[in-house]
Amino acid sequence: MLAAAVFASFLVTETNDKIEQAVISEMNAQKIPGVSVAVVKNGKVIFSKGYGLANVELGVKATDKTVYQIQSVTKQFTAAAAMMLVQEGKIGLDDPLSKYLDKTPESWKDVTIRHLLTHTSGIKDFINEPTQSLKLEVTEQEVFDATAPRPLNFKTGEKYQYSNTNYHLLAMVIRKLTGKSYGEMLNERIFKPLKMKDTIIMNLSGIVERRAAGYLMDQRKLQNGEYVAQSVLAYAGGGVMSTVLDMAKWDAALDGSSILTEASKKDIWSPMKLNDGGLSQYGFGWALGMVNGHKEYAHSGGHVTGFTTFYAKYPADGLTVLVFTNAGWGNPGKISRAAAGCIVPALKAEELKPIDDKKPEIKALLVKVLGQAQEQKIDMSLMSEQMKKVLTPDMVKQGGQMLQDFGKISKIELMKREKIKDIEVSTFSVKFENTTILCVFAIGKTGLIEGLQFTL
Numbered sequence: 013m014l015a016a017a018v019f020a021s022f023l024v025t026e027t028n029d030k031i032e033q034a035v036i037s038e039m040n041a042q043k044i045p046g047v048s049v050a051v052v053k054n055g056k057v058i059f060s061k062g063y064g065l066a067n068v069e070l071g072v073k074a075t076d077k078t079v080y081q082i083q084s085v086t087k088q089f090t091a092a093a094a095m096m097l098v099q100e101g102k103i104g105l106d107d108p109l110s111k112y113l114d115k116t117p118e119s120w121k122d123v124t125i126r127h128l129l130t131h132t133s134g135i136k137d138f139i140n141e142p143t144q145s146l147k148l149e150v151t152e153q154e155v156f157d158a159t160a161p162r163p164l165n166f167k168t169g170e171k172y173q174y175s176n177t178n179y180h181l182l183a184m185v186i187r188k189l190t191g192k193s194y195g196e197m198l199n200e201r202i203f204k205p206l207k208m209k210d211t212i213i214m215n216l217s218g219i220v221e222r223r224a225a226g227y228l229m230d231q232r233k234l235q236n237g238e239y240v241a242q243s244v245l246a247y248a249g250g251g252v253m254s255t256v257l258d259m260a261k262w263d264a265a266l267d268g269s270s271i272l273t274e275a276s277k278k279d280i281w282s283p284m285k286l287n288d289g290g291l292s293q294y295g296f297g298w299a300l301g302m303v304n305g306h307k308e309y310a311h312s313g314g315h316v317t318g319f320t321t322f323y324a325k326y327p328a329d330g331l332t333v334l335v336f337t338n339a340g341w342g343n344p345g346k347i348s349r350a351a352a353g354c355i356v357p358a359l360k361a362e363e364l365k366p367i368d369d370k371k372p373e374i375k376a377l378l379v380k381v382l383g384q385a386q387e388q389k390i391d392m393s394l395m396s397e398q399m400k401k402v403l404t405p406d407m408v409k410q411g412g413q414m415l416q417d418f419g420k421i422s423k424i425e426l427m428k429r430e431k432i433k434d435i436e437v438s439t440f441s442v443k444f445e446n447t448t449i450l451c452v453f454a455i456g457k458t459g460l461i462e463g464l465q466f467t468l
């Protein structure tokens, strides 16, 4: 028995060493100041640690107790609050929004609570399609009043399109039904019962122990993340601050039934059925996908304030990986996959190798767009309507500055190409003077650009 225990301890230590090596390797490759990671296996935290600096100016080290802005990972909490009201019979998923909020426009007549939860309402995004600067304070009602007159981006239920306004409206419904803000409800019904003592709603002026500072990169120099108004930062789609250890407590609650019933969890992790009968790949505050045949429930977060986060849950493997960084350019999903692969090898990201490129015109278009991006002068006529909405001036500026730091392009190789519905998705390795990145480039059937994403 003693020998078995010693061997088991050796295996745990060996696995932890692999996770640490994977995390440090990715952290260094991405030039991330600070990162915190927690790995949960079968309900138990088997690994938790911080690396680098939570605050560069003060030389404060990151730990598993460092507090980060978790950004859009917040949405799963707001969705859970809505489901608690469903469980209590106070709200129905297919109830129209107009049942709970006054003066909703005629264009929103078909919008239900379910549409808000699944980003299928068509309502414009007040964060990425703003009516005013995000540096200005704004009330819940002012966001409503500014958004309501604007036309829908598509017919309600027709397709999935991420819109932060959906979760802002859910918070207004929660306030209407409970008399409390979404944050007050979360604190009373989730954070306190689960003893998530380091989890709060975003507070710019308050003293938050072990708070990480967020960073961006400009001309290869680290700089503090941009200022965003308190009322915008604290909204229901991205306002929670937490630690990886606190989030592990939430993960344990999701595996049990103290907060959500089995029926509710089935709802939050089920894809939305669209008007044409097709299924989206988003539940209630969770992106739903497959990784090498393994089901994945996940969500990412990121903002110009200088934080990126990733929460991945693999239900069939009893595995959860939480990765929080204070790098606005970071790719915590890549770190998460590297850590997950140390536990379940099948979850390890595939190693890509160059393949023959039979459509050189796609590569030529990518070179053109990357060049434009470095000059921060992108030809929007090359973009689909959806991309025009996503590529905000701030995003073009931030991305362009980062690409400038990389230097001139010296080599581009095609690593992967696949057809997803009517969209051709190509993954290129792009070598610059100062670094090499992976670039995912999506072209629609009309020849317009549907997606452009690059990771270090």
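Heads up, the sequence shown is in the working numbering, so the first residue is 13 and it goes up one at a time.
Glycine included, each C-beta is placed from N, C-alpha and C at the ideal position.
Asked	Found
Unbroken stretches of the alpha helix (DSSP H), 4 residues or longer, contained in the stretch 156–231	177–190, 194–198
Residues that I421 bridges to, as DSSP identifies them	F444
Nearest-angstrom Cβ-Cβ length linking A299 and H311, presumed shorter than 8 angstroms	6 angstroms
I390 at chain D interface by Cβ criterion, 9 angstroms	The structure shown contains no chain D, having only a single protein chain.
Under 9 angstroms between C-beta atoms of L206 and A265	yes
Assigned exposure category for A15 - 16 Cβ within 10 Å defines buried	Residue placement at A15 is poorly supported in this model, since its pLDDT is 46, which falls under 50; the coordinates still yield a value, given next. Looking at its Cβ environment, which holds fewer than 16 other Cβ atoms inside 10 Å, A15 is exposed.
The alpha helix (DSSP H) enclosing M284, as first and last residue numbers	Here M284 belongs to no alpha helix (DSSP H), and DSSP marks it neither H nor E.
Validate contact between the stretch 189–200 and the stretch 162–174 using beta carbons, cut 8 angstroms, 3 pairs	no
Distance CB(L97)-CB(I186) smaller than 9 angstroms	yes
C-beta atoms of V123 and I139 nearer than 9 angstroms	no
Between the CA atoms of Q235 and D76 - distance to the nearest angstrom	23 angstroms
Sheet register partners of E149 (DSSP bridge)	According to DSSP, which records beta bridges pairwise, E149 is partnered with nothing at all.
Alpha-carbon to alpha-carbon, L181 and E154	12 angstroms
Cβ shell of I461 (< 8 angstroms), same chain only, five flanking positions each side left out	L377, V381, L394, M395, S396, M399, F453, A454, I455
Straight-line Cα distance separating S84 from G314	7 angstroms
Residue burial classification, D106 (beta-carbon count within 10 angstroms, cutoff 16)	exposed
Cβ-based burial, I347 [other Cβ within 10 Å; buried from 16]	buried
Proximity below 9 angstroms, CB of S276 to CB of Q99	yes
Residue span of the alpha helix (DSSP H) that contains A265, given as start and end	256–267
Spatially closest choice to K420 from T447, V408, K433, K431, by CA coordinates	T447
Cβ neighbour criterion (16 or more within 10 Å) applied to G104	exposed
Rounded straight-line distance, which links the Cα of A352 to that of K56	15 angstroms
Beta-carbon contacts of H306 that lie in its chain and below 8 angstroms, excluding the five residues immediately before and after	Y326, A328, D329, V356, A358, L359
DSSP three-state assignment for P405, whether helix, strand or coil	helix
H306 - partner residues in DSSP beta bridges	V303
Inside the stretch 347–397 only - alpha helix (DSSP H) runs reaching at least 4 residues	372–386
From I367, G249, D137, K115, residue whose alpha carbon lies closest to that of E425	I367
Exposure of K457, with buried meaning 16 or more beta-carbon neighbours within 10 Å	exposed
Exposure label - I432; buried when at least 16 CB within 10 Å	exposed
Other residues of its chain near P108: CB distance less than 6 angstroms, five sequence neighbours each side excluded	T124
For Q235: DSSP bridge partner residues	L228
For P45, three-class secondary structure by DSSP	coil
One or two residues paired with M253 in a DSSP bridge	Q81, I212
Among N338, K188, K147, nearest to L113 - alpha-carbon criterion	K188
Assigned secondary structure, S270 (DSSP; H/G/I helix, E/B strand, else coil)	coil
Straight-line Cα distance separating F59 from F19	For F19, the pLDDT reaches just 38, beneath the cut-off of 50, and the residue's location in the model is therefore unreliable, although a value from the coordinates is still provided. In a straight line, the C-alpha of F19 is about 18 angstroms away from that of F59.
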